[in-house]
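Residue numbers are given in our numbering: position 222 of the sequence shown equals residue 513, and the series is strictly consecutive. Here the structure is laid out as structure tokens; the discussion comes afterwards.
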Amino acid sequence: MNSYQRVMTAMERREPDRVPIVEWAISRKVIEALSPAARDQTDIEELLDLDGVSTVAQYEKVFENADGSYVDEWGVTYRPTPEEIDHPIRGPIRTLDDLKKYVPPDPDAPQRLGKLPELVARFKGKKAIFFRHRAAFMWSVFLSGFENLLTSFLIEPEFAHRLMDTVLEVTLRVARNAIRAGADVIVIADDYAGNDSPFFSPAVFKTFVLPRLKRMVDAVHDEGAKVVKHSDGNLWPILDMIVDAGVDGLNPMEPIAGMDIGRIKQRYGERLCLIGNIDCAYILSEASTSEVEAAVKECIRRASPGGGHIVSSSNAIHSSVKPENFRTMIEATREYGKYPLSLKALSTTASAAPR
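Structure, rendered in structure tokens:
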């Protein structure tokens, strides 16, 4: 069984030969520590023999300010950060009048698919190809501001609906183009929650966010690809609705946000592939390699029986992750994640809980 088959078997909630391993984002600092010869994330995914490769939709800089901030094709201004994702600081749309004049980016622009053509040429049928994008929520936040959008849900719903529909028309087209170009899995990377709770009530989610998530999921399935829903934070109050939208996988299930993977497996294991949950706040960043191994074993013990589990971090391999801990996560998964699972080997008395 090759990596592509391994991932797709897990995505279908069946047991492959072993638990697959993927990562969406790996810090340049970690990449250089593991292999100075690696040019980028794709190279390290190949060198470490991860089971998937990933890329993200590309929106280019159109203007750079003297302070180092820049404006992209959406018209959003960003401040660069040491991590792989820059920080949005303001958008061009505050009112309905702004929205009426707004021209969104061209979803069919040749640069939109980023590195996807290269990944398809190198890995199609060998490794699972993940394409990360958003549906409607987070781009709407970037365009109009977090507080402005959430307030509009309550006092100016017409603005919120029209803004999110404007965004969705772009993201739907980009996702379809990605699948037709060879992506196997679309990762919808809208964050819906903080560590304690979602950003909105279940009623607001059902009215504004869920219908557009469902449209994206249905469009991806119509093209023959799989869908992973990525969201940081505590999703429990809205998780039933996310699952009912038809997503194939859930990521990253942060332990620090109360996303207990055993509980999720028990409740949704027949409907979802679970991807993630290896804590990157403490375990991958500060713990010993023996603690990492114990955490991986516990995650496999609770989530891998019956299939439908892919090991990954609880958010990203960010710049504070110890390279040796990332490597240990990979090695431990390969050692203890072989099917049929050995529950005896997976049992451990070591404590690996995030601190």
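Cβ coordinates follow ideal geometry from the N, Cα and C atoms, glycine included. As the structure is a computational prediction, the values presented were derived from the model and not from experiment.
Alpha carbon of residue i to alpha carbon of residue j, nearest angstrom
i       : j       : result
Arg-593 : Thr-372 : 35 Å
Asp-308 : Asn-486 : 34 Å
Ala-578 : Ser-605 : 15 Å
Glu-545 : Ser-488 : 12 Å
Thr-576 : Gln-402 : For the record, residue 576 in the displayed sequence is Ser; it is not Thr. Cα-Cα distance, rounded: 34 Å.
Asp-389 : Glu-460 : 18 Å
Pro-614 : Lys-391 : 48 Å
Ile-621 : Leu-404 : 28 Å
Val-495 : Tyr-350 : 29 Å
Ile-384 : Tyr-393 : 8 Å
Ser-642 : Glu-582 : At Ser-642 the pLDDT is 48, less than 50, meaning the model places this residue with poor confidence; the figure from the coordinates comes in the next sentence. Distance between the alpha carbons of Ser-642 and Glu-582: 7 Å.
Ala-644 : Asn-568 : The predicted model places Ala-644 with a pLDDT of 47, which falls under 50 and marks its position as unreliable; any figure quoted below should be read in that light. In a straight line, the C-alpha of Ala-644 is about 11 Å away from that of Asn-568.
Glu-659 : Ser-318 : In the structure as shown, the chain starts at 292 and stops at 646, and residue 659 therefore has no counterpart that could be examined.
Pro-502 : Val-511 : 14 Å
Lys-415 : Gly-473 : 7 Å
Tyr-483 : Phe-490 : 6 Å
Thr-619 : Thr-580 : 6 Å
Ile-380 : Ala-636 : 48 Å
Trp-365 : Val-500 : 20 Å
Phe-354 : Leu-434 : 16 Å
Glu-692 : Ala-329 : Because the chain in this structure spans residues 292 to 646, residue 692 falls outside the shown range and cannot be described.
Arg-646 : Ile-376 : Because the pLDDT at Arg-646 is just 42, under 50, the model does not fix this residue reliably, and the point stays unresolved.
Thr-624 : Arg-467 : 33 Å
Met-455 : Thr-386 : 13 Å
Ser-345 : Leu-563 : 20 Å
Gln-332 : Leu-338 : 10 Å
Assigned secondary structure, residue i (DSSP; H/G/I helix, E/B strand, else coil)
i       : result
Asn-468 : helix
Pro-543 : strand
Glu-355 : strand
Arg-646 : Legend: pLDDT at Arg-646 = 42, less than 50; position of this residue unreliable, value from coordinates given subsequently. Coil.
Ile-533 : helix
Ser-522 : strand
Ile-608 : strand
Leu-463 : helix
Ile-376 : coil
Lys-629 : strand
Ile-574 : coil
Arg-330 : coil
Arg-403 : coil
Arg-554 : helix
Lys-588 : helix
Glu-517 : Checking the displayed sequence, the identity of residue 517 turns out to be Lys instead of Glu. DSSP places Lys-517 in strand when its eight states are reduced to three.
Arg-618 : helix
Arg-593 : helix
Ser-638 : coil
Gln-296 : helix
Ser-581 : helix
Ala-613 : Correcting the residue type first, residue 613 is Lys in the shown sequence and not Ala. Here Lys-613 sits in coil by DSSP.
Thr-386 : coil
Arg-503 : helix
Glu-303 : coil
Chain-order list of residues whose beta-carbon lies under 6 Å from that of residue i (same chain, five-residue window excluded)
i       : result
Gly-651 : Since the first and last residues shown for the chain are 292 and 646, residue 651 lies out of range.
Val-458 : Ala-427, Trp-430 and Ser-431
Pro-398 : Val-461, Arg-464 and Val-465
Asn-542 : Val-519, His-521, Ile-566 and Gly-567
Gly-628 : Arg-309, Val-310 and Ile-591
Residue nearest to residue i in terms of C-alpha spacing, selected from the options
i       : options                               : result
Leu-463 : Ser-435, Val-478 and Glu-449          : Val-478
Ala-316 : Ala-400, Thr-368, Phe-422 and Ala-636 : Phe-422
Leu-634 : Pro-596, Asp-531 and Gly-549          : Pro-596
His-600 : Ser-611, Ala-585 and Tyr-630          : Tyr-630
Val-612 : Lys-352, Glu-374 and Val-310          : Glu-374
Pro-311 : Lys-320, Arg-297, Glu-323 and Ile-322 : Arg-297
Lys-497 : Ile-529, Leu-441 and Gly-515          : Ile-529
Val-602 : Ile-335, Leu-341 and Tyr-295          : Leu-341
Tyr-559 : Met-455, Ser-610 and Trp-527          : Trp-527
Ala-586 : Ser-638, His-378, Ser-443 and Asp-539 : Ser-638
Asp-539 : Leu-632, Gly-359, Gly-515 and Asp-331 : Gly-515
Asp-523 : Ala-548, Asp-535, Val-534 and Ile-533 : Ala-548
For residue i, the residue or residues it bridges with in DSSP
i       : result
Gly-343 : Ala-419
Thr-368 : Val-362 and Arg-381
Ala-484 : Pro-489
His-424 : Ile-479
His-600 : Leu-565
Arg-309 : Lys-629
Ile-317 : Ile-608
Close-in-space but distant-in-sequence residues of the same chain around residue i (CB under 7 Å, 5 per side omitted)
i       : result
Glu-626 : none
Asp-551 : none
Arg-305 : Gly-598
Lys-556 : Leu-565, Arg-593 and Ala-594
Pro-396 : Tyr-350, Glu-364, Trp-365 and Val-461
Cβ of residue i within 8 Å of any chain D Cβ
i       : result
Ile-384 : In the structure shown, chain D does not exist; there is a single protein chain.
Residues near residue i in its chain [Cβ-Cβ closer than 8 Å; skip 5 each side]
i       : result
Thr-300 : Met-292, Glu-306, Pro-307 and Gly-598
Gly-537 : Lys-505, Val-508, Asp-509, His-512 and Val-518
Ile-608 : Glu-314, Ala-316, Ile-317, Ser-318, Val-321, Cys-571, Leu-575 and Phe-617
Lys-352 : Tyr-361, Val-362 and Asp-363
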